[in-house]
Amino acid sequence: MEKIRYDYSAQHIVKQRVHVGVVGSGDLEVLLEPSPDGRTHVVVNTSVDGFEATWKNVLDRFFARFQGAVSIEINDFGATPGTVMLRLAQAAEGLRA
Amino acid sequence: MNTDAAARAGYRRFIERRSFIEMNARERVRAVLDPGTFRELLGPFDRVKSPWLPLQGIVAQADDGVVLARGTLDGKPALIAAIESAYQGGSMGEVSGAKIAGALELALDDCAQGRLILPVLLFETGGVRLQEANLGLAAIAEIHAAIIALRRYVPVVGVIAGMVGCFGGMSLAAALCTHLIVTPQARLGMNGPEVIEQEAGIDELDATDRALIWSLIGGEQRHATGFADDLLDDDADAIAAAVRKAFSTAPASAPARSMQVERYVELLRTLDPNQPLDGESLRRLWKRGSPP
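Here the protein sequences come in this chain order: A and B. Sequential numbering from 0 applies to the first sequence in numbering that gives the first Met the number 0. Sequential numbering from 0 applies to the second sequence in numbering that gives the first Met the number 0.
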């Protein structure tokens, strides 16, 4: 099990929180909340060790487009990068709902 | 032509049906409660999660796999607890078990003071979480005690939809419910098929034989032999309606299944351990509603 942290700059305030997904086989849970300091903070708890570079690629790509200031906790149970991207997109969509 | 029309109507019903099985625990709770009344207690952002799993290298889910919510059923105050089967097989750990037990005990306090809360349990669980062992078992015992205390005031309604089913100590919790709703996909049993095969050998039970397993512990069999009260298709609206109906029709005076000791002793006496018994024969012996 590994805990990985990332920080990103952000453009605008987010006021809602969104929860999607489940810590099930090949899936992950995303908890998205307003950031306390105007920057974006991501904590990844993953059951699979040694994929830090892959996580960074996926998150860099997501936050290149998503500019909200959020604190995100990811609880991962072996999701593929595609599934991670879909869950993040689902969480972002939840903000617009 | 009539056959075509009937077939088309059948297809339409099937396509328009909302599957309850395919919903996660939170969606199931929303599907049962009156629309717009869902209010979650100890939700994921409260982060009341298992302290034990990370110590064993397992990522913990923020709600420990149990969704608790208050809301209403036909306008009456209700409490629903649902177990998320995709997380650790819906297993009961210290926290997930305590969430259910604590919620039932609070509902009990309210009921005892004359404020009726309708309790609903949406089971989908392999039973105790092995990584938390006795702490999970203790919580399951508290759930049993709370159901027994609560059902003196109000029916306790359980649902087993599938596909995990309901096993171990939580199968006892399901059996203690005043009214139990199952689908044909549900399974209800103390030991899961894999455990029986592992302990007693493949001659006793082949855990890969799905038809055999469902003929023994599947929803249809459990309903036919009187262990479940409603057998429904996998249809969220039908299940939500059956939960409401159970509260309006469950007889307060009839003794709960677990109180009918003599009846079940008599039923057990009809079995001959020396004769092989299959699901069909048990149905004939223990036909639903048959007197002892």
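We put the CB at the ideal spot given by N, CA and C, even for glycine.
{"query": "At a CB-CB cut-off below 7 angstroms, which residues of chain A make contact with valine 65 of chain B?", "result": "Simply none; closest approach about 12 angstroms."}
{"query": "If you pair each beta-carbon of the stretch 228-239 of chain B with each one of the stretch 187-205 of chain B, do three or more pairs fall below 8 angstroms?", "result": "no"}
{"query": "Could you pull out every residue in the same chain whose Cβ sits closer than 6 angstroms to the Cβ of glycine 126 of chain B, ignoring the five residues on either side in sequence?", "result": "Phe166, Gly167, Gly168, Met169"}
{"query": "From A:Gln15, A:Leu27, A:Val17, pick the residue whose C-alpha is nearest to that of alanine 59 of chain B; which is it?", "result": "A:Leu27"}
{"query": "Can you check whether the CB of arginine 150 of chain B is closer than 8 angstroms to the CB of threonine 292 of chain B?", "result": "Residue 292 of chain B cannot be examined here, being either before or after the span of chain B that is shown, 0 to 291."}
{"query": "Who pairs with serine 70 of chain A in a beta bridge, going by DSSP?", "result": "A:Glu32, A:His40"}
{"query": "Going by the DSSP bridge assignment, what does leucine 103 of chain B pair with across the sheet?", "result": "None, per the DSSP bridge assignment."}
{"query": "Would you kindly check if the distance between the Cβ of alanine 160 of chain B and the Cβ of phenylalanine 19 of chain B is under 8 angstroms?", "result": "yes"}
{"query": "Taking a cut of 8 angstroms between CB atoms, which residues from the stretch 68-88 of chain A lie near chain B?", "result": "Glu72, Asn74, Asp75, Phe76"}
{"query": "Counting only beta-carbon separations shorter than 8 angstroms, does arginine 4 of chain A have a partner in chain B?", "result": "no"}
{"query": "With a cut-off of 8 angstroms, do at least 3 Cβ pairs link the stretch 25-44 of chain A to the stretch 100-113 of chain B?", "result": "no"}
{"query": "Buried or exposed for lysine 2 of chain A, going by 16 or more other Cβ atoms inside 10 Å?", "result": "exposed"}
{"query": "Just to confirm, are leucine 31 of chain A and alanine 68 of chain A a CB contact at a threshold of 8 angstroms?", "result": "no"}
{"query": "With tyrosine 5 of chain A as the anchor, note down where its beta strand (DSSP E) starts and where it stops.", "result": "1-7"}
{"query": "Of all the CB atoms in chain B, is at least one closer than 8 angstroms to the CB of leucine 23 of chain A?", "result": "One point to set straight first is that residue 23 of chain A is glycine, not leucine, in the sequence displayed. Yes - at least one Cβ of chain B is within 8 angstroms of the one on glycine 23 of chain A."}
{"query": "Leaving out five residues before and five after serine 257 of chain B in sequence, what residues of the same chain have Cβ atoms less than 8 angstroms from its Cβ?", "result": "Ile147, Ala174, Leu175"}
{"query": "Does the Cβ of proline 291 of chain B have 16 or more other Cβ atoms within 10 Å, making it buried, or fewer, making it exposed?", "result": "Residue confidence for proline 291 of chain B is low, a pLDDT of 42 falling below 50, so the modelled location carries little weight; the figure read from the coordinates is stated next. So proline 291 of chain B counts as exposed."}
{"query": "Can you have a look at aspartate 36 of chain A and say buried or exposed, based on whether 16 or more other CB atoms are within 10 angstroms of its CB?", "result": "exposed"}
{"query": "Give me the subset of the stretch 37-49 of chain A whose CB atoms are less than 8 angstroms from a CB atom of chain B, sorted by chain position.", "result": "Asn44, Thr45, Ser46"}
{"query": "Answer yes or no: does any C-beta atom of chain A fall closer than 8 angstroms to that of phenylalanine 44 of chain B?", "result": "yes"}
{"query": "Flag leucine 94 of chain A as yes if its beta-carbon sits less than 8 angstroms from any beta-carbon of chain B, otherwise no.", "result": "no"}
{"query": "Helix, strand or coil: which one does DSSP assign to leucine 58 of chain A?", "result": "helix"}
{"query": "Do you know offhand how far aspartate 73 of chain B's Cα is from aspartate 62 of chain B's?", "result": "27 angstroms"}
{"query": "Whose C-beta lies closer than 7 angstroms to the C-beta of phenylalanine 61 of chain A among residues of the same chain, with five residues either side of it excluded?", "result": "Met84, Leu87"}
{"query": "Which class does proline 291 of chain B belong to by DSSP, given the choice of helix, strand or coil?", "result": "For proline 291 of chain B, the predicted model reports a pLDDT of 42, less than 50, meaning its position is unreliable; a value from the coordinates is still stated below. Coil, per DSSP."}
{"query": "Could you work out which residues of chain B lie near leucine 58 of chain A, taking near to mean beta carbons separated by less than 9 angstroms?", "result": "Per Cβ cutoff of 9 angstroms: no residues; leucine 58 of chain A is ~17 angstroms from chain B at best."}
{"query": "Mind checking if glutamine 28 of chain A is an interface residue toward chain B, Cβ cutoff 8 angstroms exclusive?", "result": "Note that residue 28 of chain A is glutamate in the sequence shown here, rather than glutamine. It does; some Cβ of chain B falls within 8 angstroms."}
{"query": "According to DSSP, simplified to helix, strand and coil, what is proline 272 of chain B?", "result": "coil"}
{"query": "Start and end of the beta strand (DSSP E) containing glutamate 39 of chain B?", "result": "38-40"}
{"query": "For a contact defined as C-beta to C-beta under 8 angstroms, what are the partners of glutamate 32 of chain A on chain B?", "result": "Phe44"}
{"query": "Report all residues from its chain with a CB closer than 7 angstroms to the CB of glutamine 10 of chain A; omit the five preceding and five following residues, and keep chain order.", "result": "Gln66"}
{"query": "By the criterion of Cβ-Cβ separation under 8 angstroms, what are the contact partners of glutamine 60 of chain B in chain A?", "result": "Val21, Val22, Glu28, Asn74"}
{"query": "To the nearest angstrom, report how far apart isoleucine 139 of chain B and alanine 24 of chain B are at their CA atoms.", "result": "19 angstroms"}
{"query": "Buried or exposed, going by whether 16 or more other CB atoms sit within 10 Å of the CB of arginine 283 of chain B?", "result": "exposed"}
{"query": "Would you list, in chain order, the members of the stretch 110-143 of chain B that have their beta-carbon closer than 7 angstroms to a beta-carbon of chain A?", "result": "none"}
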